[in-house]
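J.: Mind having a look at this structure? Questions to follow.
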Amino acid sequence: MGAPVSATEPASEPATAPLPDRALRLRLFYSLLLLTVGAVWASHRLQTVYAYELNATDPASGELQSRNLQYGSFGAYLAGPEPPAAPARHAVVLLGNSIYQGCQIAARMQRLANADGDGIEFVNFAQTGSGIHDYFAQMIKSLRFRPELLVVTFINLAFTPDFAGTKLPRFRTDADQMLFDPDVIRELPASFLHRELTFADATDSFVASLFPFKRLDLIVRLDVDIWLYWRCHDLGIDPVILRVLFPLPTFNRTQDWLGRPIAHPVGNADAQPYPDLQAIVTEFLGVCRAHDIPVLFLRQESSETVHPDVVPELRRICAAFARVQVEDLQPLFRPEGYVDQVHPAEPERDAYAKRHYEVIRRAYRALATPAKTGAGK
């Protein structure tokens, strides 16, 4: 017989399920953490490795055409490290649109500057389709080059959402995707963020800064897509399946509106500037003033007929700031010299670049400090 059970001894409790193994949970947690950190690191690394040069040195002469920038979907994010100290070079940052990015205007101006021997070096941050909101983020990205003059080239379309009867997005390039990059977010006024971003927009931008594979541009994505296709082919997997499960990000939104067929001249007569134009230009110039950077707003030659003309309002706003100029080259427009009433034809480009260079050089001498230009010597 078994031992008697004491009346005071508690009855045995039913068996319970064993607790999950703590060591296994920790191992799983750290594995997932390592994978996440690795994916983020790989995303930044991939963006850097796949960067490509938009503005290169002339291979024949070795002459500097304009600062070599590493370009992704919006090139400023991939700009190379801070340039080495070079006392003979004076950085002039160019913000602009497709004319400065794709018509070799910056390279032509650099050759003129090289011939003059002033030591001016153009740092070309121009991106196709840019408007004033894009300029803001691009300007902050350019601060690493310590510009002695910031040149903002524009047509009226940069300051209005109205385009051939449609409404343009405020950010017309992927510049909004870098608003939460550390160097940008610390310079952006809170008022700008509150006014321009919804919660969804802010979340999207933050994710892009954390995981920049999201913002790789067309050339890079094609390389990745080709690689993905052949790996899937080798494994006997239909690539369409992976593209559905892991879709590549949408391309630069400029393509959504830039390719629309329109009747020239560009724009529409009843287009209105942004209602908060004064606020955004004031914030833009406030950041420039905080970094002691003079600014030249330079309207390009084109046939656009956006009314009312933004130049008088821009001049009024800029009058409150020292070392800021607004110049207008619109009166020099000649229709026969332009392939689409906006972009200069090849025979016109040298003269176009010379006009712009001369205006920029005069502004540089007038606005930059004597210690930088040597004008006080």
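With my numbering, letter number 144 in the sequence shown gets 127, and the count goes up by one each step, no holes. The beta-carbon is built from N, C-alpha and C at its ideal position, and this holds for glycine as well.
#1: As a quick exercise: from S285, H116, I123, pick the residue whose alpha carbon is nearest that of R272.
#2: Does the Cβ-Cβ distance between T143 and P256 come in under 8 Å?
#3: Here's the rule I'm using: 16 or more other beta-carbon atoms within 10 Å means buried, otherwise exposed. How should R299 be labelled?
#4: Starting from the C-beta of P244, find all residues in its chain whose C-beta is less than 6 Å away, skip the five residues before and the five after it, and write them out in chain order.
#5: Any contact of the region 305 to 319 with the region 337 to 345, i.e. 3+ C-beta pairs under 8 Å?
#6: Using a Cβ-Cβ cutoff of less than 8 Å, which residues in the same chain neighbour P318 once the five nearest sequence positions on both sides are dropped?
#7: Measuring straight from C-alpha to C-alpha, what distance separates I220 and W210?
#8: So, with DSSP's three-state summary, where would you put P256?
#9: For I115, report the span of its alpha helix (DSSP H) as first-last.
#10: Taking V167 as the reference, give the member of L151, Y118, V135 with the closest Cα.
#11: Measure the CB-CB distance between C301 and F267 and report whether it falls below 8 Å.
#12: Can you give the Cα-Cα distance for L350 and G100, rounded to whole angstroms?
#13: Could you check what DSSP says for A89 in three-state terms: helix, strand or coil?
#14: Here's the rule I'm using: 16 or more other beta-carbon atoms within 10 Å means buried, otherwise exposed. How should T186 be labelled?
#15: Of the choices R127, L151, N139, whose alpha-carbon is the least far from that of P165?
#16: Can you tell which of S174, D159, T111 has its C-alpha closest to the C-alpha of D259?
#17: Roughly how many angstroms separate the alpha carbons of W213 and L133, rounded to a whole number?
#18: Starting from the C-beta of Q84, find all residues in its chain whose C-beta is less than 8 Å away, skip the five residues before and the five after it, and write them out in chain order.
#19: Which of helix, strand or coil does DSSP assign to R153?
#20: Starting from the C-beta of V270, find all residues in its chain whose C-beta is less than 6 Å away, skip the five residues before and the five after it, and write them out in chain order.
#21: For Q283, which option in D292, G320, T136, F146 has the closest C-alpha, if you only look at C-alpha atoms?
#22: With distance defined between alpha-carbon atoms, name the residue in F194, S192, A89, L162 nearest to L180.
#23: Count the other CB atoms, across all protein chains shown, that sit within 10 Å of the CB of R28; report buried if there are 16 or more and exposed otherwise.
#24: From the DSSP secondary-structure annotation, give me the bridge partner or partners of Q308.
#25: Measure the alpha-carbon distance for C215 versus Y335 and round it to whole angstroms.
#26: Whose CA, out of R94, K150, V76, lies closest to the CA of R129?
#27: Sort out for me which residues DSSP pairs L176 with in a bridge.
#28: Have a look at S192 and Q160 and give me their C-alpha separation to the nearest angstrom.
#29: Which residue or residues does DSSP assign as beta-bridge partners of L132?
T.: Looking at the atomic coordinates:
#1: Taking the first residue of the sequence shown as 1, we reach residue 272 at position 289. Nearest option by C-alpha distance: I123.
#2: For this step, residue 143 is matched to residue 160 along the sequence shown. For this step, residue 256 is matched to residue 273 along the sequence shown. Going by C-beta atoms, T143 is nearer than 8 Å to P256.
#3: Translated into the one-based positions of the sequence shown, residue 299 becomes position 316. Classification of R299: exposed, given that the 10 Å Cβ count is below 16.
#4: Within the sequence shown, numbered from 1, the residue matching residue 244 stands at position 261. Residue placement at P244 cannot be trusted, given a pLDDT of 43 that sits under 50; the coordinates are not used to answer.
#5: yes
#6: By one-based count along the sequence shown, residue 318 stands at place 335. Counting only Cβ-Cβ distances below 8 Å, and skipping sequence neighbours, we find S286, Q324.
#7: Your numbering for residue 220 matches position 237 in the sequence shown. Your numbering for residue 210 matches position 227 in the sequence shown. Distance between the alpha carbons of I220 and W210 is about 13 Å.
#8: One-based indexing of the sequence shown puts residue 256 at position 273. Reduced to three states, the DSSP call for P256 is coil.
#9: Position 132 of the sequence shown, counting from 1, holds the residue named residue 115. Per DSSP, I115 belongs to the alpha helix (DSSP H) from 115 to 125.
#10: To locate residue 167, count along the sequence shown from 1; it is residue 184. Checked all of L151, Y118, V135; the closest Cα to V167 is Y118.
#11: If you number the sequence shown from 1, residue 301 lands on position 318. If you number the sequence shown from 1, residue 267 lands on position 284. The answer is no: Cβ separation not under 8 Å.
#12: On the sequence shown, residue 350 is found 367 positions in, with the first residue counted as 1. On the sequence shown, residue 100 is found 117 positions in, with the first residue counted as 1. Using only the alpha carbons, I get a separation of about 19 Å.
#13: Here residue 89 refers to the residue found at position 106 of the sequence shown. DSSP places A89 in helix when its eight states are reduced to three.
#14: Numbered from 1 along the sequence shown, position 203 holds the residue referred to as residue 186. It is exposed - the Cβ of T186 has fewer than 16 other Cβ atoms within 10 Å.
#15: Locating residue 165 in the sequence shown gives position 182, where the first residue counts as 1. Residue R127 is the option with its Cα nearest to P165.
#16: As a first step, residue 259 is located in the sequence shown; it is residue number 276 there, counting from the start. Answer by Cα proximity: S174.
#17: Taking the first residue of the sequence shown as position 1, residue 213 is located at position 230. Taking the first residue of the sequence shown as position 1, residue 133 is located at position 150. Whole-angstrom Cα-Cα distance: 45 Å.
#18: The residue you call residue 84 lines up with position 101 of the sequence shown. These residues qualify, in order along the chain: L37, N107, A109, Q110, T111.
#19: For the purposes of this step, residue 153 is taken as the residue at position 170 of the sequence shown. In the structure shown, R153 sits in coil (DSSP, three-state: anything other than H, G, I, E or B).
#20: Along the sequence shown, one-based indexing puts residue 270 at 287. So the qualifying residues of the chain are E170.
#21: Stepping through the sequence shown from its first residue, residue 283 is reached at position 300. When only C-alpha atoms are compared, the closest one is T136.
#22: Counting from 1 along the sequence shown, the entry for residue 180 is found at position 197. L180 has its Cα closest to that of L162, out of F194, S192, A89, L162.
#23: In the sequence shown, counting from the first residue as 1, residue 28 sits at position 45. That one is exposed.
#24: On the sequence shown, position 325 is the one that residue 308 refers to. DSSP lists L279 as partners of Q308.
#25: In the sequence shown, counting from the first residue as 1, residue 215 sits at position 232. In the sequence shown, counting from the first residue as 1, residue 335 sits at position 352. If you take the alpha carbons of C215 and Y335, they lie about 49 Å apart.
#26: The sequence position of residue 129 within the sequence shown is 146, counting from 1. Checked all of R94, K150, V76; the closest Cα to R129 is V76.
#27: The sequence position of residue 176 within the sequence shown is 193, counting from 1. None, per the DSSP bridge assignment.
#28: Your numbering for residue 192 matches position 209 in the sequence shown. Your numbering for residue 160 matches position 177 in the sequence shown. Looking at the two C-alpha atoms, the distance is approximately 7 Å.
#29: Against the sequence shown, residue 132 aligns to sequence position 149. Per DSSP, V75.
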